[in-house]
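Participant: With my numbering applied, the sequence shown corresponds to residues -7 to 174, in that order.
The beta-carbon is built from N, C-alpha and C at its ideal position, and this holds for glycine as well.
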Amino acid sequence: MNTTAAAIQAQVSVPTIRTWCRNGVVTAVKTAGRWIIDTASLAHRIAIGAMRARKQAPMLDMTASITLPAAYKGDTPQTYTPKVKRRLDKRTGANMIVINSWFPLLAAKLNTIADEGARIHCMNILKTTNIVITDTPDPEWADDPQAREDGQLRTSYRGGVPQVTVDDVLDLAAQLRTQLSA
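(1) Rounded to a whole number of angstroms, what is the C-alpha to C-alpha distance between PHE95 and TYR149?
(2) Which parts of the stretch 104 to 161 are runs of the beta strand (DSSP E), unbroken and 3 residues or longer, counting only runs that do not cross its ends?
(3) What residue range does the alpha helix (DSSP H) around LEU102 cover?
(4) Answer with buried or exposed for ASP130, where buried requires no fewer than 16 other C-beta atoms within 10 angstroms of its C-beta.
(5) Near GLU132, which residues of its chain fall below 8 Å by C-beta distance, leaving aside the five closest residues on each side in sequence?
(6) In chain order, what residues of the same chain lie with their CB nearer than 8 Å to the CB of THR(-5), ignoring the 5 residues before and after it?
(7) What residue range does the beta strand (DSSP E) around ALA20 cover?
(8) How about MET(-7) and LEU60: are their beta carbons less than 7 Å apart?
(9) Count the other CB atoms, across all protein chains shown, that sit within 10 Å of the CB of LEU118; report buried if there are 16 or more and exposed otherwise.
(10) Leaving out five residues before and five after ASN15 in sequence, what residues of the same chain have Cβ atoms less than 8 Å from its Cβ?
(11) Return the CA-CA distance between PRO74 and ALA56, expressed in angstroms with no decimal places.
(12) Report yes if the C-beta distance between THR104 and GLN155 is below 7 Å; otherwise report no.
(13) Looking at ALA99: is its Cβ nearer than 7 Å to the Cβ of ASP127?
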């Protein structure tokens, strides 16, 4: 494979491919002034780059917390931090991860709500919901708007907070699955 084809396959520039060849990052032989790159070596280098990209994805801070003020006189403020519980679903045999108090992970979205009363109301709605991640599809959730991947990612959140959609929560569930499986 020549440098142009390798650059297209690796989605990098031709000079980058030449540098990889010179530095031995990929197996290559220079013939008549041109690099001939071993395709298996290039594929291995591309895979390494993909692994590094996944590892560099921003990690969610599972210690993030939000404190809600007391709702009534005499009550105490309540602090919420994501709680991850793993269990076996006896009905389906699926390994499950249930995340409660997940809403501090979307603090940036919640902070866009200018009115403090509205923000607190939103958090009071979100604190009663959960995210469920399973390793097995669940036909009961296959077409549910609160689920993805045949129910392997799902939430009890039904919407109701304009700044936080069900899709936002399911995107968060996908990110949590990646992070918790690492």
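Facilitator: In this structure, then:
(1) Taking the first residue of the sequence shown as 1, we reach residue 95 at position 103. Taking the first residue of the sequence shown as 1, we reach residue 149 at position 157. Going by the C-alpha atoms only, they are around 11 Å apart.
(2) 122 to 126 and 145 to 147
(3) Position 110 of the sequence shown, counting from 1, holds the residue named residue 102. Unbroken alpha helix (DSSP H) run through LEU102: 99 to 102.
(4) As a first step, residue 130 is located in the sequence shown; it is residue number 138 there, counting from the start. Result: buried.
(5) The count along the sequence shown starts at 1 and reaches residue 132 at position 140. For GLU132, where only same-chain residues beyond five positions count, the Cβ hits under 8 Å are GLY143.
(6) For this step, residue -5 is matched to residue 3 along the sequence shown. Once the five neighbours on either side are set aside, the close Cβ partners of THR(-5) are VAL6, ILE9, ARG10, CYS13, ARG26, TRP27 and ILE29.
(7) Against the sequence shown, residue 20 aligns to sequence position 28. ALA20 -> beta strand (DSSP E) spans 20 to 23.
(8) In the sequence shown, the residue the question calls residue -7 occupies position 1. In the sequence shown, the residue the question calls residue 60 occupies position 68. No, these two residues do not count as a Cβ contact at 7 Å.
(9) By 1-based counting over the sequence shown, the position of residue 118 is 126. Classification for LEU118: buried.
(10) The residue given as residue 15 occupies position 23 in the sequence shown. No residues qualify anywhere along the chain.
(11) Sequence index remark: in the sequence shown, residue 74 carries index 82 (1-based). Sequence index remark: in the sequence shown, residue 56 carries index 64 (1-based). One C-alpha to the other measures close to 7 Å.
(12) On the sequence shown, residue 104 is found 112 positions in, with the first residue counted as 1. On the sequence shown, residue 155 is found 163 positions in, with the first residue counted as 1. Yes.
(13) Taking the sequence shown and counting its residues from 1, the one referred to as residue 99 is at position 107. Taking the sequence shown and counting its residues from 1, the one referred to as residue 127 is at position 135. No, Cβ-Cβ distance for ALA99 and ASP127 is not below 7 Å.
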